[in-house]
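Chains A and B, in that order, are what the protein sequence lines are. Residues 245 to 575 (the working numbering) are what the first sequence spells out, left to right. Residues 16 to 286 (the working numbering) are what the second sequence spells out, left to right. All residues carry an ideal CB built from backbone N, CA and C; glycine is no exception. A short write-up of the structure that comes next.
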Amino acid sequence: MSNTRQPVLTVENLSVAFSGRKGPATAVSGISFKVYPGEMMALVGESGCGKSVTAMSLLQLLPSPPAIINGAVYLEERDLLQMSKTEIRSVRGKDIAMIFQNPMSSLNPVLTIERQLTEGIILHENVSRKNAIQQAKKNLNLVGITDSAERLSQYPHQLSGGMRQRVMIAMAISCNPKVLIADEPTTALDVTTQSQVLSLVTDIQKKLGVSTILITHDLGVVAETADRIAVMYFGFIVEQAPTEVLFDNPAHPYTKGLIAAVPRLDFFIEGKKIPERLVEIPGIVPSIFNAIKGCPFAPRCALANNQCNQEKPPEVELSPGHTVSCWEVSS
Amino acid sequence: MFRHFNFYFGCGILLIVVLASLLAPILAPYSPEEMFVGPRLSPPQWAYPFGTDMIGRDVLSRVIHGASLTLYVGAIAVGIGLSCGMLIGLTAGYSTNWLQGALMRTIDVIYSFPDILIALALVAFLGPSLRNAMIAVGISVIPFFARITYSIVVVERNKPYFDSGKVIGASRLRLIFCYLLPNIIPSLIVIGSLGFSHAVLSAAGLSFLGLGAQPPLPEWGALLADGRNYIRKAPWLMFFPGISIILVVLAFNMIGDTIREYIDPRQRWRR
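And the structure:
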């Protein structure tokens with residue numbers, strides 16, 4: 245990915261906190277990343293590290309209050325966070341579309357597939373109902389549903405999980421969005437359907453050239469699909485790099501730990517030595533109610549020293565596009 | 016097959032009741048208020064199929080004439096309760112700000128009183144009459160409908176499909192009318208039909224206490240109250256109005272259930 249191109253989505257210093265009884269809980273603390281046209285970027289991290297909150301806050305989907313959102317999110321030139329309700333509504337579905345993690349309940353159970361697929365098209369594009377249905381059929385074919393005429397007249401409960409996720413994807417691409425946010429699109433599906441849906445998302449992304457943010461906790465999922473990976477931990481982006489660089493040359497101890505924790509079938513195939521036990525990262529994620537001074541990973545990090553506990557590590561660029569926040573690496 | 020039976024049975028009873036209330040002057044063998052058409056407290060016999068009451072009025076005629084009153088009471092009370100309750104519940108369930116708290120806490124406070132007590136207080140304020148009893152019962156069931164609507168709305172608005180509606184860019188009204196309402200109406204229809212029976216019973220209770228239908232109006236609840244003193248000597252005085260109330264309530268529940276199944280696409284395959 246060349247960085248000379250204009251990014252389609254720029255997130256600058258985004259932080260999200262929730263005001264709670266124990267004081268504000270910071271879910272995302274000052275993350276920045278860019279998404280370039282036509283690339284697939286992956287946000288990877290464990291449960292509760294702020295991936296979904298990041299995605300939701302991009303489209304102002306978090307009720308605020310209680311959410312306190314700071315920073316800026318630029319879609320090309322326009323700041324999404326400063327938009328009025330009407331403005332953001334015209335962006336949702338049109339410029340930025342989203343796929344949720346639970347296809348079983350993400351479709352309105354009382355509307356036919358046709359109604360749901362045409363809704364966005366009619367809302368955002370000035371077309372007649374008839375043309376919208378044509379468009380919907382085309383989109384269904386695009387996501388690999390062949391008997392589209394029959395499917396259009398059906399209700400969500402008549403479709404299987406994988407089928408529903410395909411419909412969700414068809415809905416998401418119905419207005420040719422600039423950015424597609426896929427929030428763990430495969431979590432609720434079984435493994436074979438997962439790989440189908442995943443390759444479908446990749447396919448669509450390539451075919452339509454839509455920039456995609458893929459949110460997942462599964463490094464295996466992104467290894468083959470994403471162009472660039474941002475690793476999140478505790479509301480911070482600890483490392484960002486092109487996929488091959490990240491896997492070949494991980495810099496942050498957390499990233500190293502994650503990669504070591506993935507069972508390597510390829511080692512087995514290549515006849516390399518397989519570790520007897522999978523490596524784990526000791527400890528647990530600290531509570532988001534605790535304000536931390538230093539590096540968020542320090543309590544679990546084998547390399548942590550005094551400086552790590554006291555000061556937040558700055559972001560340093562190791563090679564073009566590969567940034568990391570770790571004292572061990574920068575010193 | 017069984018489901019169809021439910022529906023036809025309910026409709027059949029409702030049809031009979033509606034016909035009875037429309038054609039009461041023709042169907043009823045006697046005037047409901049004419050005294051001494053037969054002996055006092057006559058048991059059911061050919062001339063007086065439902066028997067006669069303590070002043071010799073024909074119970075069958077009174078029950079037939081009471082049908083329209085009962086339907087009327089139920090419809091008005093449920094109409095008031097459901098429309099106001101639904102509005103309050105929807106508003107409170109959809110808004111996330113202070114309005115939600117204010118509305119629901121007020122409703123909670125009112126809900127903590129037995130609704131018959133509220134109805135009683137309202138009738139005491141408005142003055143005893145059948146019309147005031149209907150209004151009072153209608154108002155007293157608002158918290159019930161509001162709470163239920165609220166809880167359904169809160170469940171539905173937190174389901175992912177509501178978010179996907181937002182993500183498409185649907186406006187607030189669209190979210191309410193295309194996403195929320197169609198998903199809560201099936202439940203509301205069933206609750207409405209249950210509320211109908213509740214309203215009929217509450218109104219009957221008020222009439223029983225002398226605060227609703229005034230004699231000689233043959234409202235079914237009032238008939239029950241009239242017959243109470245003679246329950247050992249003349250059980251038919253309570254039996255026939257009581258059975259009528261039960262059948263109407265049953266009919267409404269059965270119809271409500273079938274309509275819900277019809278409206279709710281998730282259950283359509285069973286048809």
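- For ARG359 of chain A, the closest C-alpha among the options A:PRO400, A:ALA474, A:VAL335, A:MET342 is that of A:PRO400.
- When the alpha-carbon of HIS80 of chain B is set against those of B:PRO175, B:LEU34, B:MET50, B:GLY89, the nearest one is in B:LEU34.
- Between GLN60 of chain B and the set B:ASP73, B:MET69, B:CYS26, the nearest pair of CA atoms involves B:ASP73.
- For ALA185 of chain B, the C-beta contacts it makes with chain A under 9 angstroms involve ARG333, ARG336, GLY337, GLU363, GLY364, LEU367, in order along the chain.
- Short of 6 angstroms from the beta carbon of PRO486 of chain A, and not among the five residues preceding or following it, lie these beta carbons of its own chain, in chain order: ARG472, GLY565.
- For VAL124 of chain B, the closest of B:PRO158, B:GLY242, B:ASN173, B:PRO250 by C-alpha to C-alpha distance is B:PRO158.
- Annotated as distal: ILE260 of chain B and ALA228 of chain B, with beta-carbon spacing of 8 angstroms or more.
- Contact note: VAL205 of chain B does not reach chain A at a C-beta cutoff of 8 angstroms; the least C-beta distance is about 15 angstroms.
- The Cβ of SER179 of chain B sits closer than 8 angstroms to at least one Cβ of chain A.
- Straight across, the Cα-Cα distance linking LEU84 of chain B with GLU234 of chain B is about 6 angstroms.
- Setting aside the 5 residues that flank it on each side, TYR63 of chain B is surrounded in the same chain by GLY53, SER57, ASP73, each with a C-beta closer than 6 angstroms to its C-beta; the list follows chain order.
- PRO558 of chain A and VAL371 of chain A have their alpha carbons spaced roughly 50 angstroms apart.
- The beta carbon of SER350 of chain A sits closer than 8 angstroms to some beta carbon of chain B.
- Bridge partners of GLU256 of chain A according to DSSP: A:ALA316.
- Residue range 130 to 141 is occupied by the alpha helix (DSSP H) that includes ALA139 of chain B.
- Residues of chain B with a Cβ closer than 9 angstroms to the Cβ of ASN346 of chain A are, in chain order, PRO175.
- The residue among B:TYR277, B:PHE267, B:ILE278, B:GLU276 with its C-alpha nearest the C-alpha of CYS26 of chain B is B:PHE267.
- As computed with DSSP, GLY264 of chain A is found in a beta bridge with A:GLY267.
- Contact between ILE199 of chain B and ILE167 of chain B holds, since their C-beta atoms are separated by about 5 angstroms, short of 8 angstroms.
- The Cβ of LEU303 of chain A sits closer than 8 angstroms to at least one Cβ of chain B.
- Sequence-ordered contacts of the region 105 to 122 of chain B with chain A read THR111 [C-beta pairs closer than 7 angstroms].
- Taking 4 residues as the shortest admissible run, the region 74 to 162 of chain B contains the following complete alpha helix (DSSP H) segments, listed from N- to C-terminal end: 74 to 109, 113 to 126, 130 to 141, 145 to 155.
- ARG189 of chain B is positioned such that its CB atom lies no closer than 8 angstroms to that of TYR109 of chain B.
- Against chain B, the beta carbon of MET342 of chain A has neighbours under 7 angstroms at VAL182, listed in chain order.
- Per DSSP, SER563 of chain A is one residue of the beta strand (DSSP E) stretching across 559 to 563.
- Distance from the CA atom of GLY289 of chain A to the CA atom of VAL466 of chain A, rounded to whole angstroms, is 11 angstroms.
- When DSSP states are grouped into helix, strand and coil, PHE344 of chain A belongs to the coil group.
- In terms of Cα proximity to GLU48 of chain B, the closest of B:ASP68, B:SER186, B:LEU37 is B:ASP68.
- From the beta-carbon of MET415 of chain A, the residues of chain B found nearer than 8 angstroms are SER179, ILE183.
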